[in-house]
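The structure appears right after this line, and notes come after that.
Protein chains in written order, with the working numbering: chain A, 1 to 282; chain B, 1001 to 1317.
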């Protein structure tokens, strides 16, 4: 495991990748991507047992991750590339014709690291549960991870899946909610409030862990380790991870307006000035 | 003209159940998921024999489709089971994104398709499912005609990598195909050779096409009858070869005229061999409550309708 300083450097570079990717094609979703950098870095560089150099769809013996809120593909692509799933150079092709880095992640172009398409929201928890059950059938002791937007929880399929997972003791599975409180039309509380999310998941029979510092790398690593400690106990586990949409770029924080908007040239420079280049830019 | 007989009537869904049980014995990677319709789908024998590989998901079809997609990751071959309406329309986006676009090896198995579901009425009688499924890139669409063919198809789709929609139904219908048949996905079955007209039928309309062929023979009309169990990919070669000879065609299916087998045949003919065609299908309408026989009669899906369509199309040659 890399030390924390190295991981923080990686996080800064991932943030640079994100804003440069969306700027280059004047489209994509920087806000949620920036908010989930620590989660992805912690998961792929510390927590998961995985094999970037030999990607296989089945991932036998590996921990698997499913991104349900597919629109935050920039952070996913950057972390996959920086882990060696595909060349970092390929980030240049994001959202361009003939790319493997489609606007929303897909298996269709055979990008290593992606195991299911996502974009239409609410489907990833079901897929993750299926993969978790396949692991059990195969006597594979690995863990399944998934990430969901908080706005995404307004989709009914999430609750079908949540009900199934606890009723059937899918306990080799850790879901995480990117709990940033914002969605396209504004604050989640104003669009359609989730109410008491902790109580809701507890009522659905999950082991719920709250983490208020979702952009503090050490806290994220700690909470994921804590969640791992709760697997195998007969309950699915969910982390409600409080993050800041746009984290790391001052003018993108505190608003929902950067959910799906790219910075212009000047804004890009302002953002990059706040994010040291620690590895090489692609 | 070949004469077809049968010793008993059986439901096609039971053919699925029998095929699934057999598959369970043959292939440990086969798993089954059902949304609270285990007995209706005849999945109970599999569930009893292989409880570890049977997943009762409750009345939550969207979750079922997503779970099935996830189970393929790790090498499982999931068969999902519910009524055709809940297998397609209700979960179209889940099938589109998590299964078809993601190229997952899921077999979507749908019973109670069409009007012959009967008394439950139009909410449950989906007549659009073939169209919905055949529009999805990479989806194989199969609609079987009797017990034996459904059993053979169930076993065949497990060996095919990729998403499949397997459509069958509720009523007992003549079981006339061979129990030891080899089911070839995408291959039309020639039931009777003829020279005056081609009748292309799928599902429950296949037996009615055979009956129509006998009545037409009595009128001195030689009908070539083709059983299309795979609507996508369509065996265009067999269809074009037949229509090149007969110069006209009638398609017959328990489905909307828009989007079904008839559409697929018309498209093939328009591109390669334009020919007069008549459609025995539901004409832009929902179904209703009634017995299967009453409904097939009222909505024009009976033997007599095929005979009438043949007489009409032959005049257009």
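Just so you know, even glycine gets a beta-carbon here, dropped at the ideal spot from N, CA and C.
Only those residues of the region 197-214 of chain A whose C-beta falls short of 8 Å from the nearest C-beta of chain B would be listed, and there are none.
Counting the other CB atoms within 10 Å of its CB gives residue 1108 of chain B a total of 16 or more, which places it among the buried residues. Listed in chain order, the alpha helix (DSSP H) elements of length 4 or more contained wholly in the region 136-210 of chain A are 156-167, 188-192 and 197-203. When 7 Å is used as the limit between beta carbons, residue 103 of chain A is near no residue of chain B, the shortest such separation being about 13 Å. Contact annotation: the region 1257-1267 of chain B does not touch the region 1089-1096 of chain B, with fewer than three C-beta pairs closer than 8 Å. DSSP places residue 66 of chain A in the strand class (E or B) of the three-state scheme.
Taking one beta carbon from each stretch, the region 78-94 of chain A and the region 1033-1048 of chain B have fewer than 3 pairs nearer than 8 Å; the two do not touch. With fewer than 16 other CB atoms across the displayed protein chains lying within 10 angstroms of its CB, residue 1027 of chain B is exposed. The beta carbons of residue 1168 of chain B and residue 1150 of chain B sit closer together than 7 Å.
Cβ-Cβ distances below 8 Å link residue 1100 of chain B to 1136, 1137, 1138, 1139 and 1163 in the same chain, with the five nearest sequence neighbours on each side left out; the list follows chain order. Rounded to whole angstroms, the Cβ separation of residue 260 of chain A and residue 29 of chain A is 5 Å, and the two are in contact under 8 Å. Cα atoms of residue 26 of chain A and residue 229 of chain A: separation of roughly 42 Å, rounded to the nearest angstrom. With a threshold of 16 other beta carbon atoms within 10 Å, residue 1025 of chain B falls short and is exposed. Just so you know, the alpha carbons of residue 1210 of chain B and residue 1189 of chain B end up roughly 13 Å apart. In the three-state DSSP reduction, residue 1081 of chain B falls in the strand class (E or B). Within chain B, the C-beta atoms nearer than 8 Å to that of residue 138 of chain A come from 1074 and 1075, in chain order.
When DSSP assignments are scanned along the region 1179-1209 of chain B, the uninterrupted stretches of beta strand (DSSP E) that are 3 or more residues long and fall wholly within it turn out to be 1189-1192 and 1197-1201. Per DSSP, the unbroken beta strand (DSSP E) holding residue 1230 of chain B starts and ends at 1230-1232. Put simply, the region 219-227 of chain A does not touch the region 244-252 of chain A. Fewer than three CB pairs are less than 8 Å apart.
Selection B:1125, B:1201 and B:1030 evaluated against residue 1285 of chain B yields B:1125 as nearest (Cα-Cα). The contact set of residue 115 of chain A on chain B, defined by CB atoms closer than 9 Å, consists of 1070, 1073 and 1102 in chain order. Residue 1013 of chain B is classed as buried because its beta carbon has at least 16 other beta carbons within 10 Å across all chains shown. Look at residue 1109 of chain B here: in three-state DSSP terms it is strand. Cβ neighbours of residue 1217 of chain B within its own chain (closer than 8 Å, five residues either side excluded): 1001 and 1223. If you keep only unbroken alpha helix (DSSP H) runs of at least 4 residues inside the region 40-102 of chain A, you get 73-82.
Residue 1147 of chain B sits in a helix when the DSSP states are folded into three classes.
In the structure shown, residue 34 of chain A adopts helical secondary structure according to DSSP, grouped into three states.
Taking 7 Å as the cut-off, the Cβ atoms of residue 1220 of chain B and residue 1145 of chain B do not count as close.
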